[in-house]
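Engineer:
Numbering (our numbering), first residue to last: 21 to 202.
#1: What is the residue span of the beta strand (DSSP E) that residue 35 lies within?
#2: Could you have a look at residue 40 and say whether DSSP puts it in helix, strand or coil?
#3: Would the beta-carbon of residue 167 fall within 8 Å of that of residue 113?
#4: Tell me whether residue 41 is buried or exposed, calling it buried when 16 or more other Cβ atoms sit within 10 Å of its Cβ.
#5: Which one of 85, 110 and 38 has the shortest CA to CA distance from residue 158?
#6: If you follow the alpha helix (DSSP H) that residue 59 is in, where does it begin and where does it stop?
#7: Return the chain-ordered list of same chain residues with a C-beta closer than 7 Å to the C-beta of residue 148, the five sequence neighbours on each side being excluded.
#8: Going by the CB atoms, is the gap between residue 121 and residue 85 shorter than 8 Å?
#9: Can the beta-carbon of residue 144 be found less than 8 Å from the beta-carbon of residue 177?
#10: Assuming residue 55 contacts residue 33 under a Cβ cut-off of 8 Å, what Cβ separation, rounded to an integer in Å, is found between them?
#11: Helix or strand or just coil, what does DSSP make of residue 113?
#12: Taking C-alpha atoms, which residue in 82, 108, 49 and 27 lies nearest to residue 123?
This is the structure in structure tokens:
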């Protein structure tokens, strides 16, 4: 159903346009399940050796920030980043937006990490609870602002159950930043 469609959207973004994909899952359990489903899909279609999926963790982000790039500056090279990262809102807040970046080089590397993921996929909006659900619009706004600052496009796909007619414009405006939504 919906999660499979979301995975196909992500794989199409990678295969057809070479974009990095960030999947936002409601919680840690769903994050692990989604990563497993993505890896299974990659295996089935024969892309497991070409497309990498991973979960967002503190250790991975810190590793990206201290890697050496080919120009000699510390930081992450785009080739070192996985094609798909699966994270929760809490992961994004703690490991990307709350990451410790003491130097100019590590701030630049962190910005590269954030701008690498041009496609944002939100899995099962109905399952987000409490703080995570409230913070989701702000997280999407932050990621869109990072892309806008670099004059890059950021796309978002949000999977949810059936919406009431009045709820669709609110979702479109608040989560997707659309002024007009149909």
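Just so you know, even glycine gets a beta-carbon here, dropped at the ideal spot from N, CA and C. The structure displayed is predicted, hence computed values, not measured ones.
Structural biologist: On the basis of the supplied data:
#1: Here residue 35 refers to the residue found at position 15 when the chain shown is read from its first residue. If you look at residue 35, you'll find it isn't in any beta strand (DSSP E); it sits in the alpha helix (DSSP H) that goes 22-37.
#2: Numbered from 1 along the chain shown, position 20 holds the residue referred to as residue 40. Looking at residue 40 - three-state DSSP - the assignment turns out to be strand.
#3: Here residue 167 corresponds to residue number 147 of the chain shown, with the count starting at 1. Here residue 113 corresponds to residue number 93 of the chain shown, with the count starting at 1. Inclusion of residue 167 and residue 113 in the CB contact set at 8 Å is not warranted, their separation being larger than that value.
#4: Walking along the chain shown from the start, residue 41 turns up at place 21. Residue 41 is buried by the Cβ-count criterion.
#5: Along the chain shown, read from residue 1 onward, the residue named residue 158 stands at position 138. Considering only alpha carbons, the answer is 110.
#6: As a first step, residue 59 is located in the chain shown; it is residue number 39 there, counting from the start. It spans 48-65 - the alpha helix (DSSP H) in which residue 59 sits, taken as one unbroken run.
#7: For the purposes of this step, residue 148 is identified with residue 128 of the chain shown, where counting begins at 1. For residue 148, where only same-chain residues beyond five positions count, the Cβ hits under 7 Å are 46 and 156.
#8: As a first step, residue 85 must be located in the chain shown, where it is residue number 65. As a first step, residue 121 must be located in the chain shown, where it is residue number 101. Yes, they are a contact pair.
#9: Taking the chain shown and counting its residues from 1, one reaches residue 144 at position 124. Taking the chain shown and counting its residues from 1, one reaches residue 177 at position 157. No, they are not a contact pair.
#10: Numbered from its first residue, the chain shown carries residue 55 at position 35. Numbered from its first residue, the chain shown carries residue 33 at position 13. Incorrect: roughly 17 Å between the Cβ atoms, too far for contact.
#11: Counting from one through the chain shown, the residue named residue 113 turns up at place 93. Helix.
#12: Looking up residue 123 in the chain shown gives position 103. Of the candidates 82, 108, 49 and 27, the one whose C-alpha sits nearest the C-alpha of residue 123 is 82.
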